[in-house]
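Sequential numbering of the sequence shown, starting at 1, is according to the UniProt record's numbering.
See structure below.
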Amino acid sequence: MSTNAKDLRHPLKRARGLGSAQFGVAHWWTQRTTAAALVLLGLWFVILVLGLLHGDYATARTAVAKPWNAVLLIAFLVSMFWHAVLGLQVVVEDYVHTRWKEITLLVFIKFVAVLCVLGGTLAVLRIALGA
Numbered sequence: 001m002s003t004n005a006k007d008l009r010h011p012l013k014r015a016r017g018l019g020s021a022q023f024g025v026a027h028w029w030t031q032r033t034t035a036a037a038l039v040l041l042g043l044w045f046v047i048l049v050l051g052l053l054h055g056d057y058a059t060a061r062t063a064v065a066k067p068w069n070a071v072l073l074i075a076f077l078v079s080m081f082w083h084a085v086l087g088l089q090v091v092v093e094d095y096v097h098t099r100w101k102e103i104t105l106l107v108f109i110k111f112v113a114v115l116c117v118l119g120g121t122l123a124v125l126r127i128a129l130g131a
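Structure (C-alpha cells):
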C-alpha cells in the first residue's frame with residue numbers, strides 16, 4: 001500500500017497531489033484570535049454604550065472622541081468584520097459548489113467588509129478629530 005506506514009492517504013490521492021494545503025491551521029487560529037478579541041472589545045463596547053445610555057449627542061461625541069475609545073472602536077470594527085469574513089468564507093467554501101459562484105461570493109463579501117471597515121473608520125476618525 002504505502003512505503004511510509006504513517007502516510008494514511010490513498011495512493012491515488014498521493015499521486016494526484018491531493019492533501020493538505022497547509023492553510024487550515026492559520027485560518028483557524030485567525031478566527032479564534034478575532035473571536036477572543038471580539039469578546040474583550042465587545043465587553044468594552046457594551047460598557048461604553050451603557051455609560052452613554054442616558055446621555056445626549058454631545059456626551060456621546062465626546063466619549064467617542066477620546067483617543068482610547070476611538071482606537072478601541074476602530075479595533076472593534078476591524079476585528080468584527082475580519083471575523084465575519086472568515087466565517088462567511090468557510091460557509092461559502094463548504095456549501096457553494098459552483099466555482100464561479102464561490103469566487104464571486106467571496107470577492108463580494110470581502111469587498112463589502114472592506115467598504116464597511118473603511119466607512120466605520122472614517123466616521124470614528126471624523127468624530128475623534130473633530131471634523
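Virtual Cβ for every residue (Gly too), placed ideally from N, Cα, C.
Taking C-beta atoms under 8 angstroms as the contact rule, Phe81 and Leu41 fail to qualify, at a distance of about 12 angstroms. Residue nearest to Phe108 within the set Phe45, Val78, Arg126 and Gln89 is Gln89 (criterion: CA-CA distance).
Sixteen is the threshold: when 16 or more other Cβ atoms of the shown chains lie within 10 Å of the Cβ of Val85, as they do, the residue is buried. Counting only residues of its own chain and dropping the five nearest sequence neighbours on each side, Thr34 has a CB closer than 6 angstroms to the CB of Ser79, Trp82 and His83. Ranking Ile127, Ile74 and Val112 by CA distance to the CA of Thr121 puts Ile74 first. In the structure shown, Lys66 falls within a coil segment according to DSSP collapsed to helix, strand and coil. 8 angstroms or more divides the Cβ of Ala58 from the Cβ of Val64. Shown here, Asp56 sits in coil according to DSSP, grouped into three states, outside any helix or strand. Taking every protein chain shown into account, the CB of Val39 has fewer than 16 other CB atoms within 10 angstroms, so this residue is exposed.
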